[in-house]
Amino acid sequence: MSGPQNSGFLRFAVALLAVVAFASWSAGAGNRNEPGGKITVDGSGIIRWEADAQASVYVTADGGPEVLMAEAARGEERPDWPYAGHVYRFVLRNTRDGRLLHSVTAEKDAYGRLVVTRETLWQRWGLPLAAILLAAGFLAAGLWNWRRLDLYLVTLIAAPVAVFSVSFGNYFYGDSMSQLLVRPGSMWGVLRSFMSVGEWYRPFSHGLLPYLLFP
Amino acid sequence: MPYQACALLLHIVVSLVVYRAFARILEDRQAAFVGAFFFALHPINFYTTYDNGFSADTTVALFYVLSAWCFFTRRFALAAVLGTLALFSKEAAVTLPLMLLAAVFVFPEFRRGWRGWVKRWAPIGAVWLAYLALYAPALSWAGGRVTAAARPDYALSGLELPRGVLRFLLWSFQISSGKSTENWYSRPALLWLSAAIGLLLALFALIALAKGNLGVRAGLLWFFIAALPMAALAKKPPHHLYLPLIGLALVVGELFAYLGQRLRRPAVVILAGAVCLGHAWLSYVNVENDSRLSWVGGSALTGKNAVLFLKDHAPQINGRSTIYVVNETPDNLRFEYVKGDLFRFSTGLSGLGVHIVQRPGQVPSPLIQDALVAAYNDKCKCLFDSTGLFAGRPPRQAAASRRPASETAPPR
Chain A
0 MSGPQNSGFL
10 RFAVALLAVV
20 AFASWSAGAG
30 NRNEPGGKIT
40 VDGSGIIRWE
50 ADAQASVYVT
60 ADGGPEVLMA
70 EAARGEERPD
80 WPYAGHVYRF
90 VLRNTRDGRL
100 LHSVTAEKDA
110 YGRLVVTRET
120 LWQRWGLPLA
130 AILLAAGFLA
140 AGLWNWRRLD
150 LYLVTLIAAP
160 VAVFSVSFGN
170 YFYGDSMSQL
180 LVRPGSMWGV
190 LRSFMSVGEW
200 YRPFSHGLLP
210 YLLFP
Chain B
0 MPYQACALLL
10 HIVVSLVVYR
20 AFARILEDRQ
30 AAFVGAFFFA
40 LHPINFYTTY
50 DNGFSADTTV
60 ALFYVLSAWC
70 FFTRRFALAA
80 VLGTLALFSK
90 EAAVTLPLML
100 LAAVFVFPEF
110 RRGWRGWVKR
120 WAPIGAVWLA
130 YLALYAPALS
140 WAGGRVTAAA
150 RPDYALSGLE
160 LPRGVLRFLL
170 WSFQISSGKS
180 TENWYSRPAL
190 LWLSAAIGLL
200 LALFALIALA
210 KGNLGVRAGL
220 LWFFIAALPM
230 AALAKKPPHH
240 LYLPLIGLAL
250 VVGELFAYLG
260 QRLRRPAVVI
270 LAGAVCLGHA
280 WLSYVNVEND
290 SRLSWVGGSA
300 LTGKNAVLFL
310 KDHAPQINGR
320 STIYVVNETP
330 DNLRFEYVKG
340 DLFRFSTGLS
350 GLGVHIVQRP
360 GQVPSPLIQD
370 ALVAAYNDKC
380 KCLFDSTGLF
390 AGRPPRQAAA
400 SRRPASETAP
410 PR
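Chain order of the listed sequences is A and B.
All letters in the first sequence, in the order written, are residues 0 to 214 by numbering that gives the first Met the number 0.
All letters in the second sequence, in the order written, are residues 0 to 411 by numbering that gives the first Met the number 0.
Structure follows, in structure tokens:
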């Protein structure tokens, strides 16, 4: 690949990361503070709000229309209606001009409590990181001979990490657990898994690999 | 974390191998990148990179691609070894000889000297025959379906093929269809855009096929042959698309190689950038939704709450304790995942297990919660030592009662 082409593609690769970061940041924008008021959901599912002037609290389910929930400059409420599996956004607006003051996104947990939808690292730091990446990328593209570095490879490594690392904070589920529970504990066990032919005969991916990676 | 990181690393390795293979086939690195990017950032990879549970998909793809690569670079013994590793990774690799045979007929240069090739097919042919002979006793044939004794719910049937292939095609363009993709972003405008992109690619593929384009022919053959066993399954989880998707990614790459030869370079770069950015953005949104709202997300959320709950009720459960989340149907050990909140406690073999019984639209009433707490405390006394780790054999699980939800309507 020639230098100029690679520099052009560097800008593209960096812009790609920047947009992914910006998208993730904007997805969490609802949980960030705005001036003039604040609305929160605490650990026991109580919604509290406080504004500088008369304010209205609206709620929207799964991106649907806003429904008025309360009107007061400050107050608290513990709704008993949220369903599990739905995402609710509580919006605090100035009653007089309808200006958005603050909002918080929450969903119901296994015990019927409202919990704030988590904000990922990308959502918190995505925008500044995107700006830094963009600036560094465009600067470096003009300064460095990129012939030695395959930026396509770099992008193919970085982009999946940016998108799929979302599951890093999650928990196991059944298939994974069962695989870990039955993984071989010794080389003899690995050999036995190769010799035990039957349905789900996967001695490499379910035997040797977990034995080597997670001994 | 290490489990997820290893899964992600495996996927990245597969993506890089796919990129290198595409670069060799297309002889255009930018087009190869767009194709590999289409594959690498597809939202089905939320499942394949989730944790160790889907390592079969990534490893079979890795060895399958490498085996094909070695075969076409005339390293036949190595191709047989890698093909065997693919078979040891997942049964889906059984289509590899068919794939190689089909590719030999696609690429004219591989047809030359085919008599010598008969000998070279011997290693891979012997491995496959031995595998089929060993595996066949585990399968049964009844009513036009091939079924494994232990998993009757995973029957193979030719009648399922059209529906399976159609679903795989929809998923390829990030169009939601069926379980596990129900939370993909589905604004009508985006659906139309995704469908239009899919149709445009199909149109390009048809024209290219008519003109004898080898890359498109190879990509489509790869998609359909690799999809054969998975599309015929009664159950069609999205991660089964992993291996076939490589074929469609090659068609995407071929499209950009075609454009690269006919359009000015800046126009192709802008177009490639727009497609990749759009694909990445949509994938990010779908992955975010999957992580929170899908069956995996539901299990994760319930698991997280179970941990908080257990910490409240059992101080000996510390941060190092392993919490396994299992959703187990009462009649057998088949795992099922649906949205819901009800779970019951049991024990795993090396830590505390929270066995979840999820039912759509149901939540535990205070009465059931109390019963769960009592059941847990009862087990906890005898099964967990002072560090919170497992110290005995698990008893039979206590049955969990269920009660319909009695909630008022949501505000809409």
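C-beta: ideal position from N, C-alpha, C; glycine also.
All values derive from a computational prediction rather than experimental measurement.
| field | Neighbourhood of B:S193 by C-beta distance below 7 Å, restricted to the same chain and skipping five residues each side | value | Here residue 193 of chain B corresponds to residue number 194 of the second sequence, with the count starting at 1. Cβ within range, chain order: F172, Q173 and I174.
| field | Within 8 Å of chain A by C-beta, residues of the region 1 to 35 of chain B in sequence order | value | P1, Y2, Q3, A4, C5, L7, H10, I11, S14, L15, Y18, R28, Q29, A31, F32 and A35
| field | Rounded separation between B:N51 and A:L100 - CA only | value | For the purposes of this step, residue 51 of chain B is taken as residue 52 along the second sequence, with counting starting at 1. For the purposes of this step, residue 100 of chain A is taken as residue 101 along the first sequence, with counting starting at 1. For B:N51 and A:L100, the distance between alpha carbons rounds to 43 Å.
| request: Please name the residues in the region 54 to 75 of chain B whose beta-carbon is closer than 9 Å to at least one beta-carbon of chain A, in chain order. | output: S54, A55, D56, T57, T58, V59 and F62
| task | Tell whether a beta-carbon distance below 7 Å holds between B:L86 and B:A92. | result | In the second sequence, the residue the question calls residue 86 of chain B occupies position 87. In the second sequence, the residue the question calls residue 92 of chain B occupies position 93. Closer than 7 Å, so yes.
| query | Is there contact between the region 254 to 268 of chain B and the region 37 to 51 of chain B, where contact requires at least three CB pairs shorter than 8 Å? | reply | no
| So is B:L491 in contact with chain A if we call contact Cβ pairs under 7 Å? | The first residue shown for chain B is 0 and the last is 411, placing residue 491 of chain B beyond what the model contains.
| message | Using a Cβ-Cβ cutoff of less than 6 Å, which residues in the same chain neighbour B:Q260 once the five nearest sequence positions on both sides are dropped? | response | As a first step, residue 260 of chain B is located in the second sequence; it is residue number 261 there, counting from the start. Nothing listed; no residue qualifies.
| query | Rounded to the nearest angstrom, how far is the Cβ of A:V90 from that of A:E65, given a contact under 8 Å? | reply | Here residue 90 of chain A refers to the residue found at position 91 when the first sequence is read from its first residue. Here residue 65 of chain A refers to the residue found at position 66 when the first sequence is read from its first residue. The pair is a contact, with the Cβ atoms about 6 Å apart (cut-off 8 Å).
| task | Inspect the CB distances between the region 150 to 163 of chain A and the region 9 to 21 of chain B and report whether three or more fall short of 8 Å. | result | yes
| task | Pull up the distance between the alpha-carbon of B:S290 and that of A:V165, whole angstroms please. | result | Residue 290 of chain B sits at position 291 when you count from the first residue of the second sequence. Residue 165 of chain A sits at position 166 when you count from the first residue of the first sequence. Approximately 7 Å, taken between the alpha carbons.
| request: Leaving out five residues on either side along the sequence, give the residues of the same chain with a beta carbon under 8 Å from the beta carbon of B:L160. | output: Counting from one through the second sequence, the residue named residue 160 of chain B turns up at place 161. So the list reads L227, A230 and A231, once near-sequence residues are dropped.
| Tell me, which residues are paired with A:Y57 by DSSP? | Here residue 57 of chain A corresponds to residue number 58 of the first sequence, with the count starting at 1. Answer is A:L67 and A:V90.
| said: Using the three-state DSSP reduction, which class does A:E75 fall into: helix, strand or coil? | reply: If you number the first sequence from 1, residue 75 of chain A lands on position 76. Strand at A:E75.
| query | With DSSP run on the structure shown, which of helix, strand or coil describes B:G142? | reply | The residue you call residue 142 of chain B lines up with position 143 of the second sequence. Here B:G142 sits in coil by DSSP.
| Taking the continuous beta strand (DSSP E) assigned at B:W183, which residues delimit it? | If you number the second sequence from 1, residue 183 of chain B lands on position 184. Per DSSP, B:W183 belongs to no beta strand (DSSP E) and is neither H nor E.
| task | Go through its chain and collect everything with a Cβ distance to B:A213's Cβ below 7 Å, but skip five positions before and after it. | result | If you number the second sequence from 1, residue 213 of chain B lands on position 214. It should be noted that the sequence gives Leu, not Ala, for residue 213 of chain B. Correct list, in chain order: V105 and F106.
| request: For the beta strand (DSSP E) containing A:E49, list its first residue and its last residue. | output: For this step, residue 49 of chain A is matched to residue 50 along the first sequence. I46 to A50 is the extent of the beta strand (DSSP E) around A:E49.
| query | Considering only C-alpha positions, which residue in the set B:V215, B:R186 and B:W183 is nearest to B:L200? | reply | The residue you call residue 200 of chain B lines up with position 201 of the second sequence. The option with the nearest alpha carbon to B:L200 is B:V215.
| said: Here's the rule: buried if 16 or more other CB atoms are within 10 angstroms of the residue's CB, otherwise exposed. What is B:I206? | reply: Looking up residue 206 of chain B in the second sequence gives position 207. So B:I206 counts as exposed.
| task | Using three-state DSSP, classify A:G188 as helix, strand or coil. | result | Position 189 of the first sequence, counted from the first residue, corresponds to residue 188 of chain A. Helix.
| message | Considering only their Cβ atoms, is the gap separating B:Y241 from B:A20 smaller than 7 Å? | response | For this step, residue 20 of chain B is matched to residue 21 along the second sequence. For this step, residue 241 of chain B is matched to residue 242 along the second sequence. Cβ distance not < 7 Å, so B:A20 and B:Y241 don't count as in contact.
| Any residues in the region 78 to 94 of chain B with a beta carbon nearer than 8 Å to a beta carbon of chain A? Which ones, in chain order? | L84, F87, S88, K89 and E90
| query | Given B:A101, which residues of its chain have a CB within under 7 Å of its CB, disregarding the five upstream and five downstream residues? | reply | Taking the second sequence and counting its residues from 1, the one referred to as residue 101 of chain B is at position 102. L220 and I224.
| said: Give me the residue from A:R201, A:A161, A:S204 and A:R47 with the minimum Cα distance to A:E70. | reply: On the first sequence, residue 70 of chain A is found 71 positions in, with the first residue counted as 1. Among A:R201, A:A161, A:S204 and A:R47, the Cα nearest to that of A:E70 belongs to A:R47.
| said: Taking 7 Å as the threshold (C-beta atoms), are A:A50 and A:G36 in contact? | reply: Mapped onto the first sequence, residue 36 of chain A falls at position 37. Mapped onto the first sequence, residue 50 of chain A falls at position 51. Going by C-beta atoms, A:G36 is nearer than 7 Å to A:A50.
| Which residues DSSP lists as bridging A:I38, in chain order | Taking the first residue of the first sequence as 1, we reach residue 38 of chain A at position 39. According to DSSP, A:I38 bridges with A:W48.
| message | Let me confirm a value: B:V117 is counted as buried when at least 16 other C-beta atoms fall within 10 Å, else exposed. Which label applies? | response | The count along the second sequence starts at 1 and reaches residue 117 of chain B at position 118. So B:V117 counts as exposed.
| So is B:T180 in contact with chain A if we call contact Cβ pairs under 7 Å? | For this step, residue 180 of chain B is matched to residue 181 along the second sequence. B:T180 does not count as touching chain A.
| request: Following the continuous alpha helix (DSSP H) through B:Q3, name the residue where it begins and the one where it ends. | output: Position 4 of the second sequence, counted from the start, is the residue given in the question as residue 3 of chain B. First-last of the alpha helix (DSSP H) with B:Q3: P1 to L25.
| message | Give me the chain B residues within the contact set of A:F89, using Cβ-Cβ distance strictly less than 9 Å, ordered along the chain. | response | Taking the first residue of the first sequence as 1, we reach residue 89 of chain A at position 90. Result: empty, since nearest Cβ-Cβ is about 11 Å, beyond 9 Å.
| request: Tell me where the alpha helix (DSSP H) around B:E253 begins and ends. | output: In the second sequence, residue 253 of chain B corresponds to position 254, counting from 1. That run of the alpha helix (DSSP H) goes Y241 to R261.
| request: Classify B:T146 as buried or exposed, calling it buried when 16 or more other Cβ atoms lie within 10 Å of its own Cβ. | output: As a first step, residue 146 of chain B is located in the second sequence; it is residue number 147 there, counting from the start. By the neighbour-count rule (16 or more Cβ atoms within 10 Å), B:T146 is buried.
| field | Distance between beta carbons of A:Y87 and A:A60, contact taken as under 8 Å | value | Against the first sequence, residue 60 of chain A aligns to sequence position 61. Against the first sequence, residue 87 of chain A aligns to sequence position 88. Between A:Y87 and A:A60 the Cβ distance is about 5 Å, and since that is below 8 Å, they are a contact.
| query | In its own chain, which residues sit with a C-beta less than 8 Å from the C-beta of B:N124, not counting the 5 before and 5 after it? | reply | Against the second sequence, residue 124 of chain B aligns to sequence position 125. As written in the sequence, residue 124 of chain B is Gly, which differs from the Asn given in the question. P96, listed in sequence order.
| said: Along the region 237 to 264 of chain B, where does the CB come closer than 8 Å to a CB of chain A? Name the residues. | reply: R264
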